[in-house]
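Only one structure is covered here, and it is reproduced in the block below.
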Amino acid sequence: MSEALEEQFVSLLQKNQNIIHKICRLYTTDSDAHKDLFQEITIQLWKAYPNFRGDSKFTTWAYRVGLNTAITLYRKKKKTIHTIEFDSTFHKVKQEDYNYEEEEQLKLLYSGIKELNDIEKALVFLYLEDKDYSEISETLGITEVNARVKMNRLKGKLKKILNP
Amino acid sequence: MMDELEILKRDWKKNENSFNQITEKEIYGMLHKKSSSIVKWILVISILEILLWVILGVFSVDESYLKTLETYHLKTIMPIISALNYAVILFFIYLFYKNYKAINTTDTVKQLMQSILRTRKTVQQYVWYNIIMSFLAVLLIFICQVKYDPTLNSIIERNSQNVTTNTLYVALLFIYIIVGLVIVGLIWLFYRLIYGILLKRLNQNYKELERLDL
Numbered sequence: 001m002s003e004a005l006e007e008q009f010v011s012l013l014q015k016n017q018n019i020i021h022k023i024c025r026l027y028t029t030d031s032d033a034h035k036d037l038f039q040e041i042t043i044q045l046w047k048a049y050p051n052f053r054g055d056s057k058f059t060t061w062a063y064r065v066g067l068n069t070a071i072t073l074y075r076k077k078k079k080t081i082h083t084i085e086f087d088s089t090f091h092k093v094k095q096e097d098y099n100y101e102e103e104e105q106l107k108l109l110y111s112g113i114k115e116l117n118d119i120e121k122a123l124v125f126l127y128l129e130d131k132d133y134s135e136i137s138e139t140l141g142i143t144e145v146n147a148r149v150k151m152n153r154l155k156g157k158l159k160k161i162l163n164p
Numbered sequence: 001m002m003d004e005l006e007i008l009k010r011d012w013k014k015n016e017n018s019f020n021q022i023t024e025k026e027i028y029g030m031l032h033k034k035s036s037s038i039v040k041w042i043l044v045i046s047i048l049e050i051l052l053w054v055i056l057g058v059f060s061v062d063e064s065y066l067k068t069l070e071t072y073h074l075k076t077i078m079p080i081i082s083a084l085n086y087a088v089i090l091f092f093i094y095l096f097y098k099n100y101k102a103i104n105t106t107d108t109v110k111q112l113m114q115s116i117l118r119t120r121k122t123v124q125q126y127v128w129y130n131i132i133m134s135f136l137a138v139l140l141i142f143i144c145q146v147k148y149d150p151t152l153n154s155i156i157e158r159n160s161q162n163v164t165t166n167t168l169y170v171a172l173l174f175i176y177i178i179v180g181l182v183i184v185g186l187i188w189l190f191y192r193l194i195y196g197i198l199l200k201r202l203n204q205n206y207k208e209l210e211r212l213d214l
């Protein structure tokens, strides 16, 4: 693959890297695994890049390859000790809008998400990223109706965590 | 009351820029690292499997083998069977290559899983084909051995006073079947171990997706 292509890819990825970080945040529990998955997604994106025609947005395409890697292709190197505690950066709330109740709710929600299975995590991720049901169904390969039904159930499940 | 999940969404967005940014230089480094995806593992193991059976086929042909074929009256039919066998192997390799090429990370999650499982299935069918062929070959050799083998026939003759020939045949067949089953069992176990570990998560996720689409 040509150097120009490589350069273009690296710069696009560098600018859009937060998408991948967010996927890693959902699917891994420690920073080593986070780095590891980030690297695997980068490799998969690069392998698929020659087929990226630019008719969809780079970000849409990256969501897809990233989730595919996290859900389907990624092999955890070693068993990591499962901890409920979420990435600590998650809970950093700026001093001025610190709200104790909200903070507690968020903690509960994030640990609830950690307990979901890989497919449910993908749904939550796409929901948090404001994707509509047609995109969710196109990414996962399930029908729009079923994506909606499952998403509503998931929302119910998460709300129940807050109001048991 | 505000939707609880809106709090989550707001927090999610607020944290969007909290990640340690990776530099372009680091990304360059990653591009040249090796992938450790399950597709790569499946590819490596599949090629080893195919190679194993091909090598077994090639190495089992030697002079004593050819001589045995002659005594067993199999000399004309064996080359035909072998040629057919190699044609089937080539066909399997073609299928495997085609399936492997179809694995595409830009497919939907479900399609990607299906293509991976299809590659796996092809190799599995290839292995079962070999097991069944080996079994048939052993059976054919058994029949010919009983019919034409001079050593075996002399043993049978010597013992024909004590036991009936039929009992001997049954006993022999029994031993063959037991040995065959043990070998198949071991291969099956080997598969369960390797692919069980490799594909556990993928299978679970695939089932979950299927459940969603019922």
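For the protein sequence lines, the chains are A and B, in the order given. Position 112 of the first sequence, counted from 1, bears residue number 112 in the numbering used here, the numbering being contiguous throughout. Position 203 of the second sequence, counted from 1, bears residue number 203 in the numbering used here, the numbering being contiguous throughout. Yeah, the Cβ is synthetic: ideal placement off N, Cα and C, and Gly gets one too. Source: prediction; values computed, not measured.
query, result
"Within the same chain, show all residues whose beta-carbon is closer than 6 Å to that of Y176 (chain B), passing over the 5 residues directly before and after it, in chain order.", "F142"
"Taking the alpha-carbon positions, what's the L139 (chain B) to F174 (chain B) distance?", "12 Å"
"Which runs of the alpha helix (DSSP H) at least 4 residues long sit entirely within the stretch 92 to 158 of chain B? Give them in chain order.", "109 to 148 and 150 to 158"
"Report, in whole angstroms, the separation of the C-beta atoms of I113 (chain A) and T69 (chain A), which I expect to be a contact under 8 Å.", "Not quite, the Cβ-Cβ distance comes to about 19 Å (not below 8 Å), so this is no contact."
"Given a threshold of 16 other Cβ atoms within 10 Å of its Cβ, counted over all protein chains shown, does C17 (chain B) qualify as buried or as exposed?", "The sequence given here has Asn at residue 17 (chain B), not Cys. That one is exposed."
"If you reduce the DSSP assignment to three classes, tell me which class G54 (chain A) lands in.", "coil"
"Any idea if H32 (chain B) is buried or exposed, counting beta-carbon neighbours within 10 angstroms, 16 or more meaning buried?", "exposed"
"Could you check the C-alpha separation between L199 (chain B) and T28 (chain A) for me, to the nearest Å?", "19 Å"
"Which term fits S88 (chain A), buried or exposed, when burial requires 16 or more other beta carbons within 10 angstroms of its beta carbon?", "Model confidence at S88 (chain A) stands at a pLDDT of 47, short of 50, so the residue's coordinates are unreliable; what they give is reported in the following sentence. Answer is exposed; the Cβ neighbour count stays below 16."
"Rounded to whole angstroms, what's the CA-CA distance from V218 (chain B) to T105 (chain B)? Just pull it up for me.", "A query on residue 218 (chain B) cannot be resolved here, the shown segment of chain B reaching from 1 to 214 and no further."
"How would you call Y49 (chain A), buried or exposed, if buried means at least 16 neighbouring beta carbons within 10 angstroms?", "buried"
"For a contact defined as C-beta to C-beta under 7 Å, what are the partners of D11 (chain B) on chain A?", "L106"
"Going by CA-CA distance only, name the one from B:W41, B:I132 and B:L5 that's closest to Y195 (chain B).", "B:W41"
"May I ask which residues mark the beginning and end of the alpha helix (DSSP H) holding V10 (chain A)?", "E3 to K15"
"Tell me the residue span of the alpha helix (DSSP H) that contains V39 (chain B).", "I38 to F59"
"Report yes if the CB atom of Y74 (chain A) is closer than 8 Å to the CB atom of S37 (chain B), and no otherwise.", "yes"
"Show which residues of chain B have a CB atom less than 7 Å away from the CB atom of D118 (chain A).", "N205"
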